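*Asks:* Residue numbers (the numbering used here): 119 to 165.
Positions of the beta carbon are idealized from the N, C-alpha and C atoms, including for glycine.
Since this is a predicted model, take the numbers as computed values, not measurements.
#1: Who are the Cβ neighbours of residue 147 in its own chain at under 8 Å, not counting the five residues just before and after it?
#2: What's the gap between the Cα of residue 156 and the Cα of residue 150?
#3: Considering only residues of the same chain and omitting the five flanking positions on each side of residue 144, which have a CB-CB separation below 6 Å?
#4: Grab the span of the alpha helix (DSSP H) containing residue 59 for me, first residue to last.
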């Protein structure tokens, strides 16, 4: 896993009342053949 992703994942989750303009985001989009993780496949990913 890239060090940038590990850095984001190692941070504690923000409080629910934190203003979203103060947060960093990592957005990943998956296109799949279905929703069954064991029976379907990832077709593409984007971020």
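*Replies:* With the structure as the only source:
#1: Excluding its 5 nearest sequence neighbours in each direction, residue 147 has C-beta neighbours in its own chain below 8 Å: 163, 164, 165, listed in chain order.
#2: Roughly 12 Å between the two C-alpha positions.
#3: 126.
#4: The displayed coordinates of the chain run from 119 to 165. Any statement about residue 59 would go beyond what the structure contains.
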